[in-house]
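Remarks on the structure that follows.
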Amino acid sequence: MTLEKTPPTPPTPPTPPTASAAAAAPSAAPPPQSAAALARARRRASAVRFWRRYRTHRGGLFGLAGLSLIALMALFAPLLVGSDVQSVTAAPGTALEAPSARFPLGTDQFGRSLLSLLVWGSRVSLTVGLLAAGLSVAIGTLVGIVAGHYGGWFATVIMRVTDWFLVMPTLVLAIVLATVMSRSIWTVILAIGVTSWPTTARLVRAQTIAVESRPYIERARALGGGHRHVMTRHVLPNVMPLVLAQTTLGISAAILTEATLAFLGLGDPIIVSWGGMLQDAREAGAVSSGHWWYLAPPGIAIAFVALAFTLCGRAVESVLNPKLGVSR
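Okay, so the sequence shown: first residue is 714 according to the working numbering, each after it adds one.
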């Protein structure tokens, strides 16, 4: 009697997972982001938070709107008034005309439109304010970080020099520099920038000392971080909010100083600026003769821009340091 062997049963194919099982299965982890992508995401989130807080300040929004208007006017000045607005020979009107439909702000002593000169002068005033404030803040930031980081006799010497610049009147030093150097817009920028940095230096030094007392600075040094690494990677990012706020506040002061130097006749006589317009009005006798339209527009423009920058600076300072409690 022979036993018949039963053939083995073929293996059953695996059944595909159902929708519920697929949903229950853990999802694959997303690919890790690069360090650059994470840094960009953090910057975007920080910018969004900054704008969300900034727009709650009504004064800051008013200043930003005014600055945007002045910046657009300065940027498109060649298209709005033409490039020959400074020409004396091509003046379209007569001397010292009162405001009219043709010349809404009147004319100067050469017959040039004061409205066109006001639009063109915004380019010079904003350029001088931005560059001079940038130079001043750059010098003050460098001096403050170096003095706060190294300390000792080196910092003592630097801060005594800073105190000397601080007690000296900024306008007097700027007048001296503008007098001994050639009369140009770059001389005015240099004179303002190298005389108005001490306040920024003292603020940045105090902030640097506070930052370097934190524990992570000690850990960075223990891991081999040198002076340059600590100052550029740890101290500078922490003092940048203070530097930004000081820059916005310093631009208005630089514009006022430029207008003062131009009014005193220390600016470039070839370039039209708001301070130069006031100087021309004084020389033309606008004060004694009652030509108010020659004096009022540049003066109001200077006050408006200075106020706008000050409002923006106070709003930025309040957003970056809420402990200040700046009124909205």
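Virtual Cβ for every residue (Gly too), placed ideally from N, Cα, C.
As a quick exercise: from the options, pick the residue whose alpha carbon is nearest that of residue i.
i: Pro911; options: Phe867, Arg757 and Thr875; result: Thr875
i: Ala808; options: Leu777, Leu792, Ser800 and Ser826; result: Ser826
i: Ser849; options: Leu886, Leu792 and Val907; result: Val907
i: Val1032; options: Met786, Arg765, Ala754 and Ser747; result: Arg765
i: Leu788; options: Pro805, Gln822 and Val837; result: Val837
i: Ile964; options: Gly795, Met786 and Arg1027; result: Arg1027
i: Ser909; options: Pro805, Leu955 and Ala967; result: Ala967
i: Val943; options: Tyr929, Val956, Pro954 and Met953; result: Tyr929
i: Leu962; options: Cys1025, Gly806 and Ala784; result: Cys1025
i: Leu903; options: Leu780, Ala919, Gly1012 and Thr883; result: Thr883
i: Ala919; options: Met872, Phe976, Ala887 and Ala754; result: Met872
i: Thr820; options: Ala994, Gly864 and Ile1013; result: Ala994
i: Val794; options: Asn951, Gly998 and Phe816; result: Phe816
i: Ala790; options: Ser759, Leu839 and Thr802; result: Leu839
i: Leu916; options: Leu886, Thr960 and Leu844; result: Thr960
i: Leu955; options: Glu996, Leu844, Ala851 and Arg757; result: Ala851
For the alpha helix (DSSP H) that contains residue i, what are its first and last residues?
i: Arg755; result: Ala748 to Tyr767
i: Glu810; result: No alpha helix (DSSP H) holds Glu810; DSSP gives it neither H nor E.
i: Val952; result: Leu949 to Phe976
i: Ala804; result: That residue, Ala804, is in no alpha helix (DSSP H); it is neither H nor E in DSSP.
i: Leu1024; result: Trp1005 to Leu1033
i: Ile871; result: Gly865 to Val880
i: Leu991; result: Trp987 to Glu996
i: Ile930; result: Pro928 to Ala935
i: Val1000; result: Ala999 to Ser1002
Name the DSSP beta bridge partners of residue i, please?
i: Ser826; result: Thr820
Tell me which residues share the same chain as residue i and place their Cβ nearer than 7 Å to its Cβ, disregarding the 5 neighbours each side in the sequence.
i: Val948; result: Ile858, His862, Thr921, Val924 and Glu925
i: Met894; result: Thr900
i: Ile984; result: Val837 and Ile898
i: Ala975; result: Ser986, Gly988, Gly989 and Gln992
i: Ala891; result: Thr900, Val901, Ala904, Leu974 and Leu979
i: Ala804; result: Phe823, Gly824 and Arg825
Among residues of its own chain, excluding the 5 on either side of residue i, which ones have a beta-carbon nearer than 8 Å to its beta-carbon?
i: Gly978; result: Gln992
i: Leu957; result: Val1029 and Leu1033
i: Leu818; result: Pro812, Ser826, Leu827, Leu828, Leu831, Trp1006 and Pro1010
i: Leu969; result: Ile1015 and Ala1019
Output needed for residue i: all residues of its chain with C-beta closer than 6 Å, excluding positions within five of it in sequence on either side, in chain order.
i: His1004; result: Leu809
i: Ala914; result: Gly853, Val856, Gly857 and Thr875
i: Val889; result: none
Could you name each continuous alpha helix (DSSP H) segment of 4 residues or more that falls completely within the segment 889-914, going from the start of the chain to the end?
Counting only runs of at least 4 residues, the segment 889-914 fully encloses the following alpha helix (DSSP H) elements, listed from N- to C-terminal order: 898-906.
Where are the alpha helix (DSSP H) runs, 4 residues long or more, that stay fully inside the segment 766-801, in chain order?
Taking 4 residues as the minimum length, the alpha helix (DSSP H) runs contained wholly in the segment 766-801 are 771-788 and 790-794, in order along the chain.
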